[in-house]
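*Asks:* The following block contains the structure, expressed as structure tokens.
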């Protein structure tokens, strides 16, 4: 959502579309509100996967730390968006500055949310980690496949 909002805001800046700017600010505010219950479900989710085989505590902790940073940045984006919307009615210069700040925060928030999602995926999807060993396919008789076939085959 932050990426979509950022792209919309770039369009709004390029075309000077005030309606799109306001809609994007509302989108970011809504996303900040939705992010709160999403973040709060993290602790119960942690409890449910902690005991599962193949789940590394270090992966959970890395995801949790990333989520902390991402949620605070998302909430800051929502607050700045609200301020920009409020001042859009009364003071255009302040609204313009706050909209620019919100855009910058949206880019930072996108990176932090993407990183959080990536780290969350590593909790159960260990194949996303570095150093993955790839095994060659094996035929029924135990010989490796993928090479040239002998004339006998």
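Numbering (the working numbering), first residue to last: 1 to 153.
Even glycine gets a Cβ: it sits at the ideal position worked out from N, Cα and C.
Note that the structure is a prediction, hence the values are computed from the model and not measured.
#1: What does a CB cutoff of less than 8 Å around residue 60 pick up in its chain, not counting 5 residues either side in sequence?
#2: Considering only residues of the same chain and omitting the five flanking positions on each side of residue 93, which have a CB-CB separation below 8 Å?
#3: With distances taken from CA atoms, which of 11, 23, 42 is nearest residue 67?
#4: Decide if residue 34 is buried, meaning its Cβ has at least 16 other Cβ atoms within 10 Å, or exposed.
#5: How should residue 28 be labelled, buried or exposed, when 16 other C-beta atoms within 10 angstroms of its C-beta is the threshold for buried?
#6: Skipping 5 residues on each side, what residues in its chain have a beta carbon closer than 8 Å to that of residue 100?
#7: Skipping 5 residues on each side, what residues in its chain have a beta carbon closer than 7 Å to that of residue 115?
#8: When the Cα atoms are used, what is the spatial distance from residue 109 to residue 88?
#9: Buried or exposed: where does residue 71 fall if 16 or more other Cβ atoms within 10 Å of its Cβ makes it buried?
*Replies:* To lay it out plainly:
#1: Taking the chain shown and counting its residues from 1, one reaches residue 60 at position 60. Excluding sequence neighbours, residue 60 sits near 46, 49, 50, 123.
#2: On the chain shown, residue 93 is found 93 positions in, with the first residue counted as 1. Once the five neighbours on either side are set aside, residue 93 has no close Cβ partner at all.
#3: Numbered from 1 along the chain shown, position 67 holds the residue referred to as residue 67. Out of 11, 23, 42, 42 has the C-alpha closest to the C-alpha of residue 67.
#4: What you label residue 34 is simply residue 34 of the chain shown in a count that begins at 1. When all chains shown are included, residue 34 counts as exposed.
#5: Position 28 of the chain shown, counted from the first residue, corresponds to residue 28. Burial call: buried.
#6: Within the chain shown, the letter at position 100 stands for residue 100. Excluding sequence neighbours, residue 100 sits near nothing in its chain.
#7: As a first step, residue 115 must be located in the chain shown, where it is residue number 115. Here the set comprises 66.
#8: On the chain shown, position 109 is the one that residue 109 refers to. On the chain shown, position 88 is the one that residue 88 refers to. Distance between the alpha carbons of residue 109 and residue 88 is about 23 Å.
#9: Locating residue 71 in the chain shown gives position 71, where the first residue counts as 1. Answer is buried; the Cβ neighbour count reaches 16.
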